[in-house]
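Report on the structure given below.
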Amino acid sequence: MKLHSLPWKVFWCLVAVEVVLAGMHVLVTWAPAGTCIRPTLAMFDLGQEGNLPTWFSAAQFLLLGLVLGAIYLLERRRHPEKPLILCWLALALGALFLSADEAAQIHEWIGAQLSHTIEHANPRSWVARLILFPSYYWVLIYAPIGLPLAAVVARFLWRQLGPARGPSTAGILLFLAGAVGLDYAEGRYRSGPSPFLWHMDVFLVEEMAEMLGVTLVLTACLVHTVRLLDPAGGSGDLSRAAIPADP
């Protein structure tokens, strides 16, 4: 297998799956209620949880976590004395957490617990005032933690990935735009005057931004992995690639 073409083959395969999921979501939106195919098409609804798009996103993060773990092992073999390589391990664990979050709907559970706490809080307490927050309550927990961490991760990858820094940065920005920006807007405006168009258009853009963002970051990390395995280009044969070590 040619090493240097592998990352972009993975990229286009994932994009193809995402396009199919987007097309199926449009069918879900336009399928008449009560038709026999509606329950089957619901498996592809990007606005729901626990279906095929959710598991695809979870699998993406799982694959990203495994690739980041491989980078950590390769970097530790090349530069065992550098403590900075632990950042790769931290990123791998973070990606695995996001995979679990998608699969187990952790942030939705956090939002439900916060909603219950806020609704039953003492009306005079500061907690009760959070009921004025105009969007999903999970944003109150994830945004203050996730946005600064995303900035740190983007800077780290920018300095480490070399030629692949562009796709990684674009992917992080795209993911944040969908996962935080559009998700916040969804929670605030989804009950507006055109819920049908909102469900079809905004959900579609939001979820596609998240999935494509992760795909770009994953591709960038795969490119970096290939560079570590075959830094000189060589034959590009995966079966002959050697892990470089410092003399």
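Quick note: to get my numbering, add 72 to the position in the sequence shown (first position is 1). Every residue, glycine too, gets a C-beta built ideally from N, C-alpha and C. Note that the structure is a prediction, hence the values are computed from the model and not measured.
Please indicate yes or no: does the CB of residue i lie closer than 7 angstroms to some heavy atom of the ligand ZN?
| i | result |
| --- | --- |
| Gly-95 | As for the ligand ZN, it is missing from this structure, which has no ligand bound. |
What are the boundary residues of the alpha helix (DSSP H) that residue i is part of?
| i | result |
| --- | --- |
| His-97 | 78-102 |
| Ile-143 | 124-150 |
| Tyr-214 | 210-232 |
| Glu-278 | 275-301 |
| Gln-185 | 178-191 |
| Phe-247 | 237-248 |
Mind checking residue i: buried by the 16 CB within 10 Å criterion, or exposed?
| i | result |
| --- | --- |
| Trp-181 | exposed |
| Gly-253 | exposed |
| Ala-100 | Here residue 100 is Val; the residue named in the question, Ala, does not match the sequence. Flag for Val-100 reads buried. |
| Val-298 | buried |
| Cys-85 | exposed |
| Phe-268 | Residue confidence is low: Phe-268 scores 47 on pLDDT, short of 50, so the model does not pin down where it sits. No coordinate-derived value is stated. |
| Pro-220 | exposed |
| Ser-197 | exposed |
| Trp-160 | buried |
| Pro-195 | exposed |
| Ile-157 | buried |
| Glu-90 | buried |
| Glu-191 | exposed |
| Ile-143 | buried |
| Ala-164 | buried |
| Pro-125 | buried |
| His-179 | buried |
| Ser-77 | exposed |
| Asp-302 | buried |
| Ala-281 | buried |
Output yes or no for whether 8 angstroms exceeds the beta carbon distance between residue i and residue j.
| i | j | result |
| --- | --- | --- |
| Gly-285 | Leu-246 | yes |
| Met-96 | Leu-75 | no |
| Glu-278 | Gly-243 | no |
| Gly-137 | Leu-168 | yes |
| Leu-146 | Leu-300 | yes |
| Tyr-208 | Asp-255 | yes |
| Pro-79 | Leu-294 | yes |
| Ala-175 | Trp-127 | yes |
| Gln-120 | Met-283 | no |
| Ala-226 | Thr-241 | yes |
Please determine, among the options, the residue with the shortest C-alpha to C-alpha distance to residue i.
| i | options | result |
| --- | --- | --- |
| His-296 | Met-283, Leu-248 and Pro-239 | Pro-239 |
| Ile-213 | Glu-282, Leu-186 and Leu-140 | Leu-186 |
| Val-274 | Leu-288, Asp-117, Val-87 and Ala-292 | Asp-117 |
| Gly-183 | Ala-88, Arg-148, Leu-290 and Ala-215 | Ala-215 |
| Gln-177 | Arg-231, Ala-130 and Ala-281 | Ala-130 |
| Gly-166 | Gly-141, Thr-189 and Asn-123 | Gly-141 |
| Thr-291 | Leu-248, Ser-171, Val-98 and Leu-229 | Leu-229 |
| Phe-83 | Leu-135, Asn-123 and Arg-149 | Leu-135 |
Could one say the Cβ of residue i lies closer than 8 angstroms to chain B's Cβ atoms, at least one of them?
| i | result |
| --- | --- |
| His-76 | The displayed structure is made up of one protein chain only, and chain B is not part of it. |
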